[in-house]
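Here's the structure we're looking at; comments come further down.
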Amino acid sequence: MPSTLAEGDGILIVDADLTIVQANLPMQSLLRMTPEELRGADASRVVQRHLAPLLPEDGAPGQIVALLEDGPCPPLTLDLLIPGPGVRRVSVTASTVETATLALRLLVFHDTGEGYADPARSTHGESSMAIFAQDRDLRYLRVCNPEGPALLPDFAPGKTDADIFCPEEAARLTGLKRRVLETGKIMKGELPLTVNGAVRTLELTLMPMRDSDGGIYGIWGVLLDVTDRRRAIEALATSERQLATLMSNLRGMAYRCWIDRGWTMEFVSEGAKRITGYAPGDLVGNRRVAYGDLIHPDDRERVWQKVTAGIAVGKPFQMTYRLITASGEERWVWEQGRGVPGPRGGVAVAEGYITDITDRVRAEAALAESEERFRSIFSTSHAVMLIIDPKTGAIVDANPAASAYYGYPLDTLTAMRITDINTLEPDEVLREIRKATDGGERHFSFRHRLADGQVRDVDVFSGRVVIHDRALLHSIIHDVTERRRAEEQFRALLDATPDAALLIDHGGTILALNEVMAARFNKSVGELLGACIYDLLPPELAAVRRDAVEQVLTTGKPLQCVDERVGMVLENIVFPISGGREDTRRVAIISRDVTRQREFEQIRQEAFDRIEQNIEQFAILSDHIRQPLQVILGMTCLLEDEKGTGVIQEEVRRINEYIRQLDQGWIESRKIRKFLRRHELV
0 MPSTLAEGDG ILIVDADLTI VQANLPMQSL LRMTPEELRG ADASRVVQRH LAPLLPEDGA
60 PGQIVALLED GPCPPLTLDL LIPGPGVRRV SVTASTVETA TLALRLLVFH DTGEGYADPA
120 RSTHGESSMA IFAQDRDLRY LRVCNPEGPA LLPDFAPGKT DADIFCPEEA ARLTGLKRRV
180 LETGKIMKGE LPLTVNGAVR TLELTLMPMR DSDGGIYGIW GVLLDVTDRR RAIEALATSE
240 RQLATLMSNL RGMAYRCWID RGWTMEFVSE GAKRITGYAP GDLVGNRRVA YGDLIHPDDR
300 ERVWQKVTAG IAVGKPFQMT YRLITASGEE RWVWEQGRGV PGPRGGVAVA EGYITDITDR
360 VRAEAALAES EERFRSIFST SHAVMLIIDP KTGAIVDANP AASAYYGYPL DTLTAMRITD
420 INTLEPDEVL REIRKATDGG ERHFSFRHRL ADGQVRDVDV FSGRVVIHDR ALLHSIIHDV
480 TERRRAEEQF RALLDATPDA ALLIDHGGTI LALNEVMAAR FNKSVGELLG ACIYDLLPPE
540 LAAVRRDAVE QVLTTGKPLQ CVDERVGMVL ENIVFPISGG REDTRRVAII SRDVTRQREF
600 EQIRQEAFDR IEQNIEQFAI LSDHIRQPLQ VILGMTCLLE DEKGTGVIQE EVRRINEYIR
660 QLDQGWIESR KIRKFLRRHE LV
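At position 476 of the sequence shown the residue is numbered 475 (numbering that gives the first Met the number 0), and the sequence of numbers has no breaks.
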């Protein structure tokens, strides 16, 4: 692995359980552990097992473990035995990064530049190397292994690559070497080769060997085992990629900055774009804009005082303030950080984390405004309102209207429970409260007892509200005592009237009806209560009746209408019953079956017409009889039989009397008919 902290600070990232989440390449090198071994390991054990041997001072491992614990800790400066450079003075600092789902602890090992070398350390690297020579037939002439295990263990003069490597590897090597012999050019590259049964990554350099005339008579070659270096490079790339992924997934911005008025950034994560609208490169070194210039002018001095005060006492700092983003938008941010000691003491930079809390600030402001608006409405409303704790039934708050209605002073009312007012048993009241709390029922009908002992019928409309993170029940109480009495009287009227009677609300829902009306639909009263009257009528008639009800509700005046169905004639009276609110308006319908009455009227009219016809026929008949009698009377005068003539004349006079009586009856019938018409008896 690459050597130690000279290549950069060692970074160890752990979660709240002290489980290692990530370690960069210098840290892996210092601990001599692979990324796979580190990831998921217990940080305390790793420190004790792998870092403790490098710490000459007793108690130093425990101090490092203490830094891993959550909470403010001062930075450590201690000696660390680093393989290669020797004993170095290292500064160890810790900081916490809050993410949306977890808190991460960052441990940074920084070489201060002080210390002394380890004389026992060899200046040679750890990589194995082999130098070889081959003739034009690519037979090995000699091999030199300066250090490490032999890379060509089966070497013997006269052997070829086919004698040492597998066919595929030998063919690849032979092809490269022949190109050098043909072109005379130096070739370099990396390739995998099997050495001692293991596949290793080797760096190969091939050079032509020339005689005094410039002719190529063989090749020189150098094999360098770069397996560990390649793994280290790959591990570094993986570590950097993982760290970059971790940083990019943070909703906020991790940073390292100078402690100056401009807060000059040395490093910012990708979250800078989301927070400020500027890319990280725009902020680092104040290349395009200084972070300090983005802080709202009214907050800059407060931020400066907060940060410098925390650094002065060696403690982390936390604060909220406003930023002006690249688009000119004002955003709220929350920042947490701490100072990092410099190589010569003192604090030169700060490290920390910044996240956007604009939505939360706006939500809190909106909540405060909503609560203030609710308080204003609650206090000034004429409606009776109570705030109830659904768990205990305690009256948490009440408005002045409630105090006036129940007759208790506010301080007395808010010291009571709803069970002190409701006439139901306490357990039953709490069950009803739970129905409202669970989001089920919202409308209840209760009986409440006032301070003077009166018991009133009330409709209660309840809903769940959250005040200061406390789930409560907001109830609005309407006194419906008089309405209930009126409804009871109306129901009594329904039962007493022989006509069909119905009470519906503004939407057509049946609220009450009598048995006569239920029989019209061939159903019981219980089956019809709660149904919509318009669903029970034919579509055409339902539309007409809906319009009639709407007209009555709009004008406030009764309306008469007639339904003529198959075999029935109904006379209806629709009249409004006003309510306290628009949605409580009701309509009563009285329906009388006049089918038999219409039939009787028709029969009576037909009889009268027949009588009138008979009267007219009597008048005609009397004229028809009188004329023949006059002829008969004239003819009798010609007879010589006086006795017979006398008899005939007497009978004619008697018949004329009958006719006169018929005429008198006809006159009287006409008088009766005029009287009946005048008094509308027919």
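A virtual CB, placed ideally from N, CA and C, is assigned to each residue, including glycine. Since the model is a prediction, treat every value here as computed from it, not as a measurement.
### Query
What span of residues does the alpha helix (DSSP H) with residue 28 cover, start to end?
Along the sequence shown, one-based indexing puts residue 28 at 29. Residues 24 to 30.
### Residue nearest to residue 399 in terms of C-alpha spacing, selected from 601, 393, 91, 375
Counting from one through the sequence shown, the residue named residue 399 turns up at place 400. The shortest Cα separation from residue 399 among 601, 393, 91, 375 belongs to 375.
### Task
Run the CB neighbour count on residue 293, radius 10 Å, all protein chains shown included, and call it buried at 16 or more, exposed below.
Position 294 of the sequence shown, counted from the start, is the residue given in the question as residue 293. Buried.
### Message
Which complete beta strand (DSSP E) runs does the region 344 to 389 hold, if anything under 3 residues is left out?
### Response
346 to 355, 383 to 387
### residue 133 CB to nearest heavy atom of the ligand SAM below 7 Å
No copy of the ligand SAM appears in this structure; indeed no ligand is present at all.
### Exposed unless 16 or more other CB atoms sit within 10 angstroms - verdict on residue 528
Residue 528 sits at position 529 when you count from the first residue of the sequence shown. The residue in question, residue 528, is exposed, as its Cβ has fewer than 16 Cβ neighbours within 10 Å.
### Task
Specify, as a first and last residue, the run of the alpha helix (DSSP H) that residue 62 falls within.
Locating residue 62 in the sequence shown gives position 63, where the first residue counts as 1. Start and end: 59 to 67.
### Query
Cα separation between residue 219 and residue 198?
For this step, residue 219 is matched to residue 220 along the sequence shown. For this step, residue 198 is matched to residue 199 along the sequence shown. Distance between the alpha carbons of residue 219 and residue 198 is about 23 Å.
### Query
Would residue 302 pass as a contact of residue 349 if the rule is Cβ separation under 8 Å?
In the sequence shown, residue 302 corresponds to position 303, counting from 1. In the sequence shown, residue 349 corresponds to position 350, counting from 1. No, Cβ-Cβ distance for residue 302 and residue 349 is not below 8 Å.
### Query
What is the rounded straight-line gap between the Cα of residue 467 and the Cα of residue 392?
Residue numbering aside, residue 467 sits at position 468 when the sequence shown is read from its first letter. Residue numbering aside, residue 392 sits at position 393 when the sequence shown is read from its first letter. About 18 Å.
### Message
Could you compute how far the alpha carbon of residue 591 sits from the alpha carbon of residue 407?
### Response
The residue you call residue 591 lines up with position 592 of the sequence shown. The residue you call residue 407 lines up with position 408 of the sequence shown. Straight-line Cα distance between these residues: approximately 50 Å.
### Message
With three or more C-beta pairs closer than 8 Å as the rule, is the region 501 to 517 touching the region 423 to 435?
### Response
no
### Query
Should residue 403 be labelled buried (16 or more other beta-carbon atoms within 10 Å of its own) or exposed?
For the purposes of this step, residue 403 is identified with residue 404 of the sequence shown, where counting begins at 1. Looking at its Cβ environment, which holds fewer than 16 other Cβ atoms inside 10 Å, residue 403 is exposed.
### Query
Any idea if residue 21 is buried or exposed, counting beta-carbon neighbours within 10 angstroms, 16 or more meaning buried?
Taking the first residue of the sequence shown as 1, we reach residue 21 at position 22. By the 10 Å Cβ count, residue 21 comes out buried.
### Message
Rounded to the nearest angstrom, what separates residue 316 and residue 51 at their Cα positions?
### Response
Position 317 of the sequence shown, counted from the start, is the residue given in the question as residue 316. Position 52 of the sequence shown, counted from the start, is the residue given in the question as residue 51. Spanning the two alpha carbons is a distance of roughly 31 Å.
### Inter-residue Cα distance where the pair is residue 574 and residue 482
By 1-based counting over the sequence shown, the position of residue 574 is 575. By 1-based counting over the sequence shown, the position of residue 482 is 483. If you take the alpha carbons of residue 574 and residue 482, they lie about 17 Å apart.
### Message
Report the CB separation of residue 266 from residue 277 in whole angstroms; it is logged as a contact under 8 Å.
### Response
Stepping through the sequence shown from its first residue, residue 266 is reached at position 267. Stepping through the sequence shown from its first residue, residue 277 is reached at position 278. Between residue 277 and residue 266 the Cβ distance is about 14 Å, and since that is not below 8 Å, they are no contact.
### Task
Report all residues from its chain with a CB closer than 8 Å to the CB of residue 43; omit the five preceding and five following residues, and keep chain order.
On the sequence shown, position 44 is the one that residue 43 refers to. Cβ neighbours of residue 43 beyond the five flanking positions: 17, 64, 67.
### Task
Go ahead and label residue 421 buried or exposed: buried means 16 or more other beta carbons lie within 10 angstroms of its beta carbon, across all protein chains shown.
On the sequence shown, residue 421 is found 422 positions in, with the first residue counted as 1. With 16 or more Cβ atoms within 10 Å of its Cβ, residue 421 is classed as buried.
### Query
residue 381 and residue 329 look like a contact to me (Cβ under 8 Å); what is the Cβ gap, rounded to whole Å?
Your numbering for residue 381 matches position 382 in the sequence shown. Your numbering for residue 329 matches position 330 in the sequence shown. Actually they are not in contact, since the Cβ atoms of residue 381 and residue 329 sit about 41 Å apart, beyond 8 Å.
#### Entry: Residue range of the unbroken alpha helix (DSSP H) whose run includes residue 434
For the purposes of this step, residue 434 is taken as the residue at position 435 of the sequence shown. Run containing residue 434: 425 to 436, per the alpha helix (DSSP H) assignment.
### Message
Here's a check: name, in chain order, each residue in its chain whose Cβ is nearer than 6 Å to the Cβ of residue 357, leaving out the five neighbours to either side.
### Response
Taking the first residue of the sequence shown as 1, we reach residue 357 at position 358. Within the same chain, residue 357 has close Cβ partners 330, 331.
### Message
Suppose you measure from the CA of residue 415 to the CA of residue 394; what does that come to, to the nearest Å?
### Response
Along the sequence shown, one-based indexing puts residue 415 at 416. Along the sequence shown, one-based indexing puts residue 394 at 395. Roughly 6 Å between the two C-alpha positions.
### Task
Give the DSSP bridge partners of residue 513, in chain order.
As a first step, residue 513 is located in the sequence shown; it is residue number 514 there, counting from the start. Beta-bridge pairing links residue 513 to no other residue.
### Query
Between the C-alpha atoms of residue 446 and residue 417, what's the straight-line distance to the nearest angstrom?
Counting from one through the sequence shown, the residue named residue 446 turns up at place 447. Counting from one through the sequence shown, the residue named residue 417 turns up at place 418. Roughly 12 Å between the two C-alpha positions.
### Message
Just verifying my parser: in three-state terms, what is the DSSP assignment at residue 146?
### Response
Here residue 146 corresponds to residue number 147 of the sequence shown, with the count starting at 1. Confidence in residue 146 is poor, its pLDDT being 47 and thus under 50, which makes the residue's placement unreliable; the coordinate value appears in the next sentence. Note: residue 146 maps to coil in three-state DSSP.
### Inter-stretch contact at 8 Å, needing at least 3 Cβ pairs: the region 204 to 213 / the region 165 to 181
yes
### Task
Using the Cα positions of residue 587 and residue 386, report the straight-line distance between them to the nearest angstrom.
Working through the sequence shown from its first residue, we reach residue 587 at position 588. Working through the sequence shown from its first residue, we reach residue 386 at position 387. The straight-line gap from Cα to Cα measures roughly 36 Å.
### Counted within 10 angstroms of its Cβ, other Cβ atoms place residue 377 as buried (16 or more) or exposed
Working through the sequence shown from its first residue, we reach residue 377 at position 378. Label assigned to residue 377: buried.
### Task
With DSSP collapsed to three states, give me the class of residue 117.
Numbered from 1 along the sequence shown, position 118 holds the residue referred to as residue 117. Model confidence at residue 117 stands at a pLDDT of 40, short of 50, so the residue's coordinates are unreliable and nothing is read from them.
### Query
What is the rounded straight-line gap between the Cα of residue 41 and the Cα of residue 14?
Counting from 1 along the sequence shown, the entry for residue 41 is found at position 42. Counting from 1 along the sequence shown, the entry for residue 14 is found at position 15. Residue 41 and residue 14: Cα-Cα distance of roughly 10 Å.
### Message
Once the 5 residues before and after residue 494 are set aside, which same chain residues still bring their CB inside 6 Å of it?
### Response
For the purposes of this step, residue 494 is taken as the residue at position 495 of the sequence shown. Contacts found: 513.
### Query
Taking only runs of the beta strand (DSSP E) that begin and end inside the region 140 to 218, which ones reach a length of at least 3 residues, in chain order?
186 to 194, 197 to 209
### Query
Alpha carbon to alpha carbon, what distance is there between residue 88 and residue 39?
Against the sequence shown, residue 39 aligns to sequence position 40. Against the sequence shown, residue 88 aligns to sequence position 89. Between residue 39 and residue 88, the C-alpha separation is close to 29 Å.
### Query
What's the gap between the Cα of residue 351 and the Cα of residue 268?
Locating residue 351 in the sequence shown gives position 352, counting from the first residue. Locating residue 268 in the sequence shown gives position 269, counting from the first residue. Going from the Cα of residue 351 to the Cα of residue 268 covers about 11 Å.
#### Entry: Between the CA atoms of residue 230 and residue 104 - distance to the nearest angstrom
Locating residue 104 in the sequence shown gives position 105, counting from the first residue. Locating residue 230 in the sequence shown gives position 231, counting from the first residue. Spanning the two alpha carbons is a distance of roughly 27 Å.
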